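Novice:
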Amino acid sequence: MTKQKEKLVSNRVLVCDDEELLLDEYRRCLSADYTADVATTTLTDLEKVLFGEETNDGGAVTFDLDTRTQGEDAVEAVAAAIAQDSPYAIVFLDIRMPPGIDGIEAARRIRKLDPNINIVIVSGSIGPELEKLDTEIPPADKVFFFKKPFHTVECRQLAAALCGKWHADMALRRVNEDLERRVAERTQLLQQLAYYDQVTRLPNQRLLVDELQGLIEQSEESPGDTVVVLVDINHFSFINETMGYDAGTELLRSIGSRLNRVLGREHNRNGGIIGRVGGDQFAVLMPGIESDTGIRDVAEKVRQTVEEPFLIDGRDLFLKTSIGVAWHPVHGRESKLIFRCAEAALHRSLRSPDHAITYYHSEMRYRAQHKFDLQAEFRTALEEGQIKAFYQPQQSLRTGELAGVEALARWIRPDGNIVPPTDFIPLSEEMGISDKLFEAILRDVCSEVAAWRTTRDWQIPVSVNISAHQLRNADLVSMVKQILLQQSIDQKLINLELTETALLEDLTAARPVLSDLNAYGVGIHIDDFGTGYSSLNYLAQLPVQTLKIDQSFISSLTESETNARVVQAIIALGRAMDLEVVAEGVETDQQYSILRRLECDLVQGYFIAKPMPADEFVRWCDGHEDTQSLKHGSSVVEIDKVRNND
Ligand code: C2E
Ligand code: MG
Ligand code: MG
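If you count by the numbering used here, then the sequence shown holds residues 9 to 654, one letter each, in order.
(1) Tell whether a beta-carbon distance below 8 Å holds between A114 and V83.
(2) Using the Cβ count rule (16 or more neighbours within 10 Å means buried), how would you classify L180?
(3) Alpha carbon to alpha carbon, how far is I578 from W466?
(4) By the DSSP assignment, the alpha helix (DSSP H) with K396 in it spans what residues?
(5) Do N473 and ligand 1 come close, with the Cβ less than 7 Å from some heavy atom?
(6) Figure out for me which residue from P401, G132, G252 has the closest Cα to the Cα of C655.
(7) Please state if the CB of L606 and the CB of Q559 are separated by a distance shorter than 8 Å.
(8) Whole angstroms is fine: what's the gap from R451's alpha carbon to I534's?
(9) Can you look up I532 in the DSSP assignment and give me helix, strand or coil?
(10) Evaluate L101 with the Cβ neighbour count: other Cβ atoms within 10 Å of its Cβ, from every protein chain shown; 16 or more gives buried, anything less gives exposed.
(11) Considering only the alpha carbon of each residue, which of V235, L260, L550 lies closest to S300?
(12) Specify the secondary structure class of A364 as computed by DSSP and reduced to three states.
(13) Could you please give the first and the last residue of the uninterrupted alpha helix (DSSP H) stretch that includes M251?
(14) Indicate whether V99 and C163 have their beta-carbon atoms separated by less than 8 Å.
(15) By the 10 Å Cβ neighbour count, where 16 or more other Cβ atoms means buried, how is E505 classified, buried or exposed?
(16) Here's the rule I'm using: 16 or more other beta-carbon atoms within 10 Å means buried, otherwise exposed. How should K11 be labelled?
(17) Does G252 pass the burial test, meaning 16 or more other C-beta atoms within 10 Å, or should it be called exposed?
(18) In whole angstroms, give me the CA-to-CA distance for L54 and N248.
(19) Please classify K396: is it buried, with 16 or more other beta-carbons within 10 angstroms of its beta-carbon, or exposed?
(20) Would you tell me roughly how many angstroms separate the C-alpha atoms of E438 and G540, rounded to the nearest one?
(21) What separation, rounded to the nearest whole angstrom, lies between the Cα atoms of R583 and D324?
(22) Over what stretch of residues does the alpha helix (DSSP H) that includes F347 continue unbroken?
(23) Which residues in the same chain as V413 place their Cβ atom closer than 8 Å to its Cβ, once the five residues preceding and following it in sequence are excluded?
(24) Does the beta-carbon of L603 have 16 or more other beta-carbons within 10 angstroms, so that it is buried, or is it exposed?
(25) So within the segment 177-252, which uninterrupted beta strand (DSSP E) runs reach at least 3 residues, ignoring any that extend past its ends?
(26) Would you kindly work out how many angstroms separate the C-alpha atoms of R261 and F537, rounded to a whole number?
(27) So, does the segment 356-363 touch the segment 387-394, judging by three or more C-beta pairs under 8 Å?
(28) Counting beta carbon pairs with one atom in the segment 418-434 and one in the segment 480-493, are three or more of them shorter than 8 Å?
(29) Please tell me whether I303 and V333 are closer than 8 Å, where the distance is taken between their beta carbons.
(30) Hey, L267 and I281: beta-carbon distance below 8 Å or not?
(31) Cα-Cα, which of S601, V574, D218, I365 is closest to D405?
(32) Work out the CA separation of S230 and H339 for me, nearest whole Å.
(33) In the DSSP assignment, find the beta strand (DSSP E) that holds V21 and state where it starts and stops.
(34) To the nearest angstrom, report how far apart G296 and S227 are at their CA atoms.
(35) If we require 4 or more residues per run, which alpha helix (DSSP H) segments fall completely within the segment 592-622?
(36) Since V130 is in the beta strand (DSSP E), which residue starts that stretch and which ends it?
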């Protein structure tokens, strides 16, 4: 039997009576060798429930009895028992014990010491003082009246029952305590999850905002600024991709702990608070900085700390950082605002070519406002149909015919200014409305294709650009089908162009969507091929019909024989995989000739024609019809002969 169990099953009873004779009576009836034939099953049963079958004797209850003759002594005995962690289950208190305090007063004092003990007041008669026992010495279920004279059997039964009750109470208390402890642990865990980053164990953005507010409030009483330095690890995803996720995690932990060691307040007297605010972004909050030089020093220190090499997987990693800085009180008095300023500065640093440490200034707020205005304007533009497709022809090098067109989005502002897609596509993605943009372009394209069919009997395949984001839209396939059906467009005339990098971003999501589209009859083209790192293996598994060689290969085509050989290799690859190859960005006669020699299938570029609005494209085609070789479905556009006039 364990020590704890021993303690629990021992039935400690204290009896306090000024009459020695009565004490002897208690001793007799509560002794181990008491032989009266008394049912003592209550406690035995409880023990079984609490501790299993095993009990400390053959079923008989034993009591561990102490006696006192004065109330004060009984109070002292209870105190000592608690101090020794061996409390009594019951105290019998005689109501009158001259010359000392009476049983009621002793009971009051004992209750203050021990909230669990069962108190039994023993008296020959029920006086008025006994009527209010339960309210005077609560709780009501732990205070009792026992009438003298009593039979020894009554006394033993009462003691056995109350000991059993006491053990049950104690067991319940332990269960409750355990529950409370577990609730407290869970609460702490939830707090950990809500306020701490699980990878680095550092405060997360939420906690940092609170901490910064705390520092700001404290700083009202002390001199100096409170600085927020946000640091982003450049190309962190590259580390994840090349060295694996575990190495990336280890690196994040190392960055966090190094920043903490060098700049954190746990390790430095004038240190600050370090946290992780995003995937590869950390924040340093530093109070009490008294000069501009001090602010610069903190930012420089952060950069230097992170840019010292890290040893990960036995390799020295040299990181590059982008850093944005803002501070209280110059950039605001409210922590969220200061964080936003630091974010704006970081954003600027991320985009600057040398990732210079960037200190927030109010012009950035102006820019942010400008961006906000631009977003509102773009939303209206989309609703009002200011976003249109321009068309750029693609020519077959083998036949000289017009083989298709690429639709390129343009924002035609009410003042006639044309905004290029590279300006508003990222905006639409940030705003979460890139799907709407795609839909607008596809509708525009389909209505032109329908018009060409009815007015000219032309059937020109059109390539529409699509971004990685659209592939994640569960409704993409049904949306495409619905638009094509509405205008009765032959699905073979519509191709979707997806850049190689977008494709690689989420290949698992892309594959089924592309398969569905392809099964429906829509062609899939890989745009800007050669800029990503596609493996031939999955290229072969994807439902792709065309590769578009990236412009950069075409512009450098004439620079060296090697560059020409790279293009030749891509063309050969396309041929081997049964894919059509398009060269885009063809600007010169020389490039055109080389591509023809290399037997590239199609060319697209300013050398043929620039992207044009729909009506201009129709005129352009009409202009080439003069050559009598324009054919779309029934007719051909022979653009070879006239392209130099454009
Ligand atoms: P992209 O799909 O690779 O389109 C080719 C880009 O090269 C177009 O730029 C085109 O105007 C330009 N270009 C064509 N020929 C030549 C040439 O001979 N020399 C040079 N230097 N450039 C040439 P644009 O129209 O500014 O589009 C840029 C990119 O924006 C596109 O690259 C495409 O990725 C994206 N984009 C355009 N429209 C859409 C769209 O509707 N949806 C999506 N998601 N992306 C689009
Ligand atoms: Mg394209
Ligand atoms: Mg391209």
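Virtual Cβ for every residue (Gly too), placed ideally from N, Cα, C.
Since the structure is predicted, the reported quantities are computational estimates derived from the model, not experimental observations.
Specialist: So, to answer that:
(1) With a cutoff of 8 Å on beta-carbon distance, A114 and V83 are scored as near each other.
(2) Result: exposed.
(3) Whole-angstrom Cα-Cα distance: 31 Å.
(4) K396 -> not in any alpha helix (DSSP H); beta strand (DSSP E) instead, spanning 395-404.
(5) It does: the Cβ of N473 is within 7 Å (strictly closer) of some heavy atom of ligand 1.
(6) The structure shown does not extend to residue 655, since the chain spans only 9 to 654, so no value can be given for it.
(7) Cβ atoms of Q559 and L606: not closer than 8 Å.
(8) Each residue's alpha carbon lies about 22 Å from the other.
(9) For I532, the secondary structure class from DSSP, reduced to helix, strand or coil, is strand.
(10) Buried, since its Cβ has 16 or more Cβ neighbours within 10 Å.
(11) Residue identity differs from the one stated: residue 300 is Asp in this sequence, not Ser. Among V235, L260, L550, the Cα nearest to that of D300 is on V235.
(12) Coil.
(13) Where M251 is concerned, the enclosing alpha helix (DSSP H) stretches over 244-251.
(14) Result no, Cβ atoms of V99 and C163 do not sit closer than 8 Å.
(15) With 16 or more other Cβ atoms within 10 Å, it is buried.
(16) With a pLDDT of 42 at K11, under the threshold of 50, the modelled position of that residue is not reliable, and the figure given next carries that caveat. With fewer than 16 other Cβ atoms from the protein chains shown falling within 10 Å of its own Cβ, K11 counts as exposed.
(17) Its Cβ having fewer than 16 others within 10 Å, G252 is exposed.
(18) Because L54 sits at a pLDDT of 47, beneath the cut-off of 50, its placement in the model cannot be relied upon, and the point is left open.
(19) Result: buried.
(20) The straight-line gap separating the alpha-carbon atoms of E438 and G540 is approximately 23 Å.
(21) R583 and D324 have their C-alpha atoms roughly 42 Å apart.
(22) Here the alpha helix (DSSP H) through F347 covers 343-359.
(23) Within its own chain, the residues whose Cβ lies closer than 8 Å to the Cβ of V413, once the five positions on either side in sequence are excluded, are Y399, Q400, P401, Q402, I468, P469, V470, S471, F625, listed in chain order.
(24) Result: buried.
(25) Whole beta strand (DSSP E) segments, 3+ residues: 233-241.
(26) Spanning the two alpha carbons is a distance of roughly 36 Å.
(27) Touching, no.
(28) Counting Cβ pairs under 8 Å, fewer than three are found: no touch.
(29) The answer is yes: Cβ separation under 8 Å.
(30) Judged by their CB atoms, L267 and I281 are not nearer to each other than the 8 Å cut-off.
(31) Just to set this straight, residue 405 is Leu in the shown sequence, not Asp. Closest option to L405, judged by alpha-carbon separation, among S601, V574, D218, I365: S601.
(32) Distance between the alpha carbons of H339 and S230: 18 Å.
(33) Start and end: 19-24.
(34) Spanning the two alpha carbons is a distance of roughly 7 Å.
(35) DSSP assignment within the segment 592-622 yields the following whole alpha helix (DSSP H) runs of 4 residues or more, N-terminal first: 597-605.
(36) Here the beta strand (DSSP E) through V130 covers 126-131.
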